[in-house]
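Here's the structure, in structure tokens; my notes come after.
Numbering (full-length UniProt numbering), first residue to last: 1 to 239.
Written out as structure tokens, the structure is:
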């Protein structure tokens, strides 16, 4: 019978053999959710309709393509779906990676890459109304509640984040007790975004954000005469 030392020696030799040969690389089978899911299931998983996803893909596909298909590179559509699933699933990267059929590190790189590209589209879609658009927007708001002169509705919402750590971490803890970015959003009558301010820690009051934003200065400078913003969180001195 082999003694304990001989058993450990054999185990060590087996480990050395594995290291010398190299670990076999796992090849992931990419999921084809866009084609495999019905429309309702797809919307529940990714929070967008398939036609909307195709429209977004058309805007960014060239930036997502790889010059070659070595190493089982992720297709543009799956890069976009990975990112959308991450946005829709409370930020659990490991679960997103399993759902999409890829390694967690790959999912992290994909999400970061696509997010930067999507952020680059901000100025194309999020902008204050031009003078020729104002009357039309005011009319749409008036049709909702007979409230005149309105060109936008403003409010704040807390975007959940992980604790950033460090000495200033607690300033990101909001009044509900969790860490966030207090984000100010202005939209029109059709919920199209007109302006987004997403840089203030969760403990910041909505008034502080509005008082320091560019939109307030534009109103004070007379860029939007005979126009008002609707809000439920601003005191009289900031309306």
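By construction, the Cβ of each residue, glycine as well, lies at the ideal position given by its N, Cα and C atoms.
It should be emphasised that the depicted structure is a prediction, and the values quoted were computed from it without experimental measurement.
Residues near residue 171 in its chain [Cβ-Cβ closer than 6 Å; skip 5 each side]: Taking the chain shown and counting its residues from 1, one reaches residue 171 at position 171. Around residue 171: 201 and 203.
Please list, in chain order, all residues of the same chain as residue 149 whose beta carbon is under 7 Å from its beta carbon, the five residues on each side excluded. Walking along the chain shown from the start, residue 149 turns up at place 149. For residue 149, where only same-chain residues beyond five positions count, the Cβ hits under 7 Å are 138, 226, 227 and 228.
Taking DSSP's pairing of strands, which residues face residue 153 in a bridge? For this step, residue 153 is matched to residue 153 along the chain shown. Checking the DSSP bridge columns, you'll see residue 153 partnered with 187 and 230.
Using a Cβ-Cβ cut-off of 8 Å (strictly less than) and excluding sequence neighbours within five positions of residue 146, which residues of its own chain qualify? Residue 146 sits at position 146 when you count from the first residue of the chain shown. For residue 146, where only same-chain residues beyond five positions count, there are no Cβ hits under 8 Å.
Looking at the structure shown, is residue 47 part of a helix, part of a strand, or coil, going by DSSP? Here residue 47 refers to the residue found at position 47 when the chain shown is read from its first residue. In this structure, residue 47 counts as coil in the three-state DSSP scheme.
Count the other C-beta atoms from every protein chain shown that fall within 10 angstroms of the C-beta of residue 96, then say buried if there are 16 or more, exposed otherwise. Start at 1 with the first residue of the chain shown, and residue 96 comes out as number 96. Burial state of residue 96 is buried, judged by a 10 Å Cβ sphere holding 16 or more other Cβ atoms.
For residue 175, is the classification buried or exposed, using 16 other Cβ atoms within 10 angstroms of its Cβ as the cut-off for buried? Along the chain shown, read from residue 1 onward, the residue named residue 175 stands at position 175. Its Cβ having fewer than 16 others within 10 Å, residue 175 is exposed.
Within 10 angstroms of its Cβ, does residue 159 collect 16 or more other Cβ (buried), or is it exposed? Residue mapping note: residue 159 aligns to position 159 of the chain shown, counting from 1. Burial call: exposed.
Separation of residue 214 from residue 93, as counted between CA atoms: Numbered from its first residue, the chain shown carries residue 93 at position 93. Numbered from its first residue, the chain shown carries residue 214 at position 214. Approximately 35 Å, taken between the alpha carbons.
What residue does the alpha helix (DSSP H) around residue 93 start on, and which one ends it? For the purposes of this step, residue 93 is taken as residue 93 along the chain shown, with counting starting at 1. Here the alpha helix (DSSP H) through residue 93 covers 93-100.
In three-state DSSP terms, what is residue 109? Residue mapping note: residue 109 aligns to position 109 of the chain shown, counting from 1. Residue 109: helix per DSSP, three-state reduction.
Secondary structure of residue 30, DSSP reduced to three states: In the chain shown, counting from the first residue as 1, residue 30 sits at position 30. Residue 30: coil per DSSP, three-state reduction.
Buried or exposed (CB count within 10 angstroms, at least 16 for buried), residue 33: The residue given as residue 33 occupies position 33 in the chain shown. By the 10 Å Cβ count, residue 33 comes out buried.
To the nearest angstrom, report how far apart residue 36 and residue 85 are at their CA atoms. Along the chain shown, one-based indexing puts residue 36 at 36. Along the chain shown, one-based indexing puts residue 85 at 85. Spanning the two alpha carbons is a distance of roughly 15 Å.
What's the C-alpha gap between residue 210 and residue 192? Position 210 of the chain shown, counted from the first residue, corresponds to residue 210. Position 192 of the chain shown, counted from the first residue, corresponds to residue 192. Taking the straight line from one Cα to the other gives about 19 Å.
Three-state class that DSSP yields for residue 201 in the structure shown: For this step, residue 201 is matched to residue 201 along the chain shown. Three-state DSSP puts residue 201 in a strand.
Helix, strand or coil at residue 124 according to DSSP, with G and I counted as helix: Along the chain shown, one-based indexing puts residue 124 at 124. Reduced to three states, the DSSP call for residue 124 is helix.
Along the alpha helix (DSSP H) that carries residue 211, what are the first and last residues, could you check? Working through the chain shown from its first residue, we reach residue 211 at position 211. From DSSP, the alpha helix (DSSP H) with residue 211 extends over 206-211.
Rounded to a whole number of angstroms, what is the C-alpha to C-alpha distance between residue 140 and residue 190? Stepping through the chain shown from its first residue, residue 140 is reached at position 140. Stepping through the chain shown from its first residue, residue 190 is reached at position 190. Approximately 8 Å between the Cα atoms of the pair.
Which residues bound the alpha helix (DSSP H) around residue 77? Here the question's residue 77 lines up with position 77 in the chain shown. From DSSP, the alpha helix (DSSP H) with residue 77 extends over 76-88.
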